[in-house]
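Residue numbers (this note's numbering): 268 to 338.
This is the structure in structure tokens:
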């Protein structure tokens, strides 16, 4: 009688493992996205003052160089 040194694998074993890993990753991604969405809706994701300063900095400023070239 021969002793078996390797575990016999069935073709479906790897597919079941891969599906389980994908489901695990997908569930964690869903939790992460729902947490980020909740934080964004609550406003705790961005400092409102910093956002206002950034929006103010993004506005186009009138350039004095155009006025200096005319006179």
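The C-beta atom is built at its ideal place from N, Cα and C for all residues, glycine as well.
Exercise. DSSP three-state call for residue 324: helix, strand or coil?
Worked result: helix
Problem set entry | CA-to-CA distance, residue 290 to residue 343, given in whole angstroms | There is no way to answer for residue 343, as the model of the chain reaches only from 268 to 338.
Exercise. Residue 287 by DSSP, collapsed to three states: which one?
Worked result: helix
Problem set entry | DSSP state of residue 314 mapped onto helix, strand, coil | coil
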